[in-house]
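Trainee: Attaching a single structure in structure tokens format; questions to follow.
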């Protein structure tokens with residue numbers, strides 16, 4: 189446990205600094221695991237701490253001072269940021285949700301929270317993508333891969349490539365059965381993404397076939413080369429998924445950000461936009477395309493196919509990757 193004193197002490201026993209206490213409480217809450225989740229909540233908590241210390245904030249450095257009025261003031265500040273175009277709705281909602289989660293971890297209860305972040309902000313987030321995804325430019329992608337290689341992040345470079353060329357999620361790229369995928373690519377001309385899929389799907393109930401073009405085959409070849417000895421995926425035989433995330437993936441994220449890649453999910457969206465263009469002959473809506481106006485059935489078919497390839501099986505979700513029907 190990270191508690192340094194009794195829970196009724198400063199920051200509920202998690203130390204003297206608000207910035208330190210939040211992440212420590214989250215680590216306790218998630219029992220030392222879920223590193224990516226803890227980091228995401230911690231980063232958003234730090235934004236709240238910065239506001240607390242700013243001229244607009246209350247000047248608090250002790251979580252015991254935070255009450256519902258404090259959170260309402262913070263929501264008002266975020267609303268202003270949205271109105272000024274400095275923050276998107278989804279980011280603001282995520283920040284409020286993370287403050288809720290972190291305060292609950294610190295306090296050991298949910299007595300102080302924003303009941304509905306969307307109502308507090310007065311706006312609902314959009315599930316339709318309006319910003320073109322990072323990673324569509326293949327020259328940019330090559331630069332990122334080169335830098336990752338130079339910094340000995342070969343396995344992260346493979347994840348980037350698999351996400352971009354096949355639409356895999358982060359977990360799917362890490363746990364992919366590389367020998368099987370390579371055999372399927374060579375003999376069938378397509379691969380079935382089964383390992384590490386969301387919800388624990390085995391693959392048998394919802395086949396997820398992706399065309400294995402030359403780019404996919406090259407990505408799989410690089411992945412096999414980067415795979416540790418005697419392993420079928422990107423993990424060493426004595427390495428856990430959680431340890432790989434914390435020690436290898438997270439340190440490389442700064443490199444991605446510095447080279448214009450917001451995250452691995454952006455690469456899935458870039459894949460989806462490219463597939464939409466291949467399937468319809470029109471650029472994706474988020475890139476300025478208007479296929480829906482020209483051929484509604486073709487747009488519908490493309491969205492259905494992309495939803496299968498991304499592992500969603502829900503056509504409405506595709507708008508979050510390629511844009512809406514305008």
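In my numbering, the protein residues as written are 189 to 514. Beta carbons: idealized from backbone N, C-alpha and C, even for Gly.
Work out the CA separation of residue 308 and residue 199 for me, nearest whole Å.
Mentor: Residue 199 sits at position 11 when you count from the first residue of the chain shown. Residue 308 sits at position 120 when you count from the first residue of the chain shown. Residue 199 and residue 308: Cα-Cα distance of roughly 25 Å.
Trainee: Could you have a look at residue 379 and say whether DSSP puts it in helix, strand or coil?
Mentor: Sequence index remark: in the chain shown, residue 379 carries index 191 (1-based). If DSSP states are grouped into helix, strand and coil, residue 379 belongs with the strands.
Trainee: Around the Cβ of residue 242, are there at least 16 other Cβ atoms within 10 angstroms (buried) or fewer (exposed)?
Mentor: Here residue 242 corresponds to residue number 54 of the chain shown, with the count starting at 1. Per the 10 Å Cβ criterion, exposed.
Trainee: Go to residue 346, then tell me how far its alpha helix (DSSP H) extends in each direction, as first and last residue.
Mentor: Along the chain shown, read from residue 1 onward, the residue named residue 346 stands at position 158. Taken as a continuous stretch (DSSP letters only), the alpha helix (DSSP H) holding residue 346 covers 342 to 354.
Trainee: Can the beta-carbon of residue 366 be found less than 7 Å from the beta-carbon of residue 224?
Mentor: Indexing the chain shown from 1 puts residue 366 at position 178. Indexing the chain shown from 1 puts residue 224 at position 36. No; because the gap between Cβ atoms is not below 7 Å, this pair is not in contact.
Trainee: What does DSSP give as the partner residues of residue 397 in its beta bridges?
Mentor: As a first step, residue 397 must be located in the chain shown, where it is residue number 209. Answer is 380.
Trainee: Taking DSSP as the reference, what is the three-state secondary structure of residue 450?
Mentor: Counting from one through the chain shown, the residue named residue 450 turns up at place 262. Residue 450: coil per DSSP, three-state reduction.
Trainee: Can you find at least 3 beta carbon pairs, one from the stretch 434 to 452 and one from the stretch 323 to 338, that sit closer than 8 Å?
Mentor: Output reads yes: the stretch 323 to 338 touches the stretch 434 to 452.
Trainee: Going along the chain, which residues of its own chain have a beta-carbon closer than 7 Å to the beta-carbon of residue 289, five neighbours each way excluded?
Mentor: Taking the chain shown and counting its residues from 1, one reaches residue 289 at position 101. Closer than 7 Å at Cβ, skipping near neighbours: 229.
Trainee: Note down, in chain order, each residue of its chain lying with its Cβ closer than 6 Å to the Cβ of residue 287, except the 5 sequence neighbours on either side.
Mentor: As a working mapping, residue 287 is identified with position 99 in the chain shown. Correct list, in chain order: 236.
Trainee: Return yes when the Cβ of residue 414 is within less than 7 Å of the Cβ of residue 342, no when it is not.
Mentor: For this step, residue 342 is matched to residue 154 along the chain shown. For this step, residue 414 is matched to residue 226 along the chain shown. In this structure, residue 414 lies closer than 7 Å to residue 342 by Cβ.
Trainee: Count the C-beta pairs between the stretch 345 to 355 and the stretch 371 to 378 that are closer than 8 Å, then say yes if the count reaches three, no if not.
Mentor: With the cut-off at 8 Å, the stretch 345 to 355 and the stretch 371 to 378 do not touch.
Trainee: Among the residues of its own chain, which have a CB less than 6 Å from the CB of residue 423, if the five just before and after it don't count?
Mentor: Taking the first residue of the chain shown as 1, we reach residue 423 at position 235. Once the five neighbours on either side are set aside, the close Cβ partners of residue 423 are 432.
Trainee: Under the three-state reduction of DSSP, which class applies to residue 202: helix, strand or coil?
Mentor: Here the question's residue 202 lines up with position 14 in the chain shown. If DSSP states are grouped into helix, strand and coil, residue 202 belongs with coil.
Trainee: Taking the straight line between their C-alpha atoms, what separation do you get for residue 384 and residue 311?
Mentor: Position 196 of the chain shown, counting from 1, holds the residue named residue 384. Position 123 of the chain shown, counting from 1, holds the residue named residue 311. Those two C-alpha atoms are separated by around 34 Å.
Trainee: Please state the DSSP three-state secondary structure of residue 432.
Mentor: Taking the first residue of the chain shown as 1, we reach residue 432 at position 244. Helix at residue 432.
Trainee: Would residue 143 pass as a contact of residue 471 if the rule is Cβ separation under 7 Å?
Mentor: Residue 143 is absent from the structure shown; the chain starts at 189 and stops at 514.
Trainee: Are the CB atoms of residue 379 and residue 363 within a distance shorter than 7 Å?
Mentor: Counting from one through the chain shown, the residue named residue 363 turns up at place 175. Counting from one through the chain shown, the residue named residue 379 turns up at place 191. For residue 363 and residue 379, no; Cβs fall outside 7 Å.
Trainee: From which residue to which residue does the alpha helix (DSSP H) around residue 337 run?
Mentor: The residue you call residue 337 lines up with position 149 of the chain shown. Residues 326 to 338.
Trainee: Between which two residues does the alpha helix (DSSP H) holding residue 265 run?
Mentor: On the chain shown, position 77 is the one that residue 265 refers to. Element bounds for residue 265: 256 to 271.
Trainee: Leaving aside the five residues before and after residue 320 along the sequence, list all residues of the same chain whose C-beta is less than 6 Å from its C-beta, in chain order.
Mentor: The count along the chain shown starts at 1 and reaches residue 320 at position 132. These residues qualify, in order along the chain: 474, 475.
Trainee: Check this for me: beta carbons of residue 455 and residue 323, under 7 Å apart or not?
Mentor: By 1-based counting over the chain shown, the position of residue 455 is 267. By 1-based counting over the chain shown, the position of residue 323 is 135. Result yes, Cβ atoms of residue 455 and residue 323 sit closer than 7 Å.
Trainee: Can you tell me the Cα-Cα spacing of residue 299 and residue 500, whole angstroms?
Mentor: Here the question's residue 299 lines up with position 111 in the chain shown. Here the question's residue 500 lines up with position 312 in the chain shown. Taking the straight line from one Cα to the other gives about 36 Å.
Trainee: When DSSP labels each residue in this structure, what does residue 465 get in the three-state scheme?
Mentor: Taking the chain shown and counting its residues from 1, one reaches residue 465 at position 277. Looking at residue 465 - three-state DSSP - the assignment turns out to be helix.
Trainee: Need the endpoints of the alpha helix (DSSP H) that residue 479 sits in, please.
Mentor: Numbered from 1 along the chain shown, position 291 holds the residue referred to as residue 479. Per DSSP, residue 479 belongs to the alpha helix (DSSP H) from 479 to 482.
Trainee: Count the other C-beta atoms from every protein chain shown that fall within 10 angstroms of the C-beta of residue 297, then say buried if there are 16 or more, exposed otherwise.
Mentor: The residue labelled residue 297 in the question sits at position 109 within the chain shown. Residue 297 should be labelled exposed.
Trainee: Among the residues of its own chain, which have a CB less than 7 Å from the CB of residue 389, if the five just before and after it don't count?
Mentor: Residue 389 sits at position 201 when you count from the first residue of the chain shown. Its pLDDT being 40, under 50, residue 389 is placed unreliably by the model, and nothing is read from it.
Trainee: By how many angstroms is the C-alpha of residue 442 removed from the C-alpha of residue 484?
Mentor: Taking the first residue of the chain shown as 1, we reach residue 484 at position 296. Taking the first residue of the chain shown as 1, we reach residue 442 at position 254. Straight-line Cα distance between these residues: approximately 41 Å.
Trainee: Given the structure, does residue 442 come close to the ligand ATP, in the sense that its CB is under 6 Å from one of the ligand's heavy atoms?
Mentor: Because no ligand of any kind appears in the structure shown, any question about the ligand ATP cannot be addressed here.
Trainee: According to the Cβ coordinates, are residue 245 and residue 239 closer than 7 Å?
Mentor: Position 57 of the chain shown, counting from 1, holds the residue named residue 245. Position 51 of the chain shown, counting from 1, holds the residue named residue 239. Contact flag set, yes.
Trainee: Roughly how many angstroms lie between the CA atoms of residue 257 and residue 212, to the nearest whole one?
Mentor: Here residue 257 is taken as the residue at index 69 of the chain shown, counted from 1. Here residue 212 is taken as the residue at index 24 of the chain shown, counted from 1. Spanning the two alpha carbons is a distance of roughly 24 Å.
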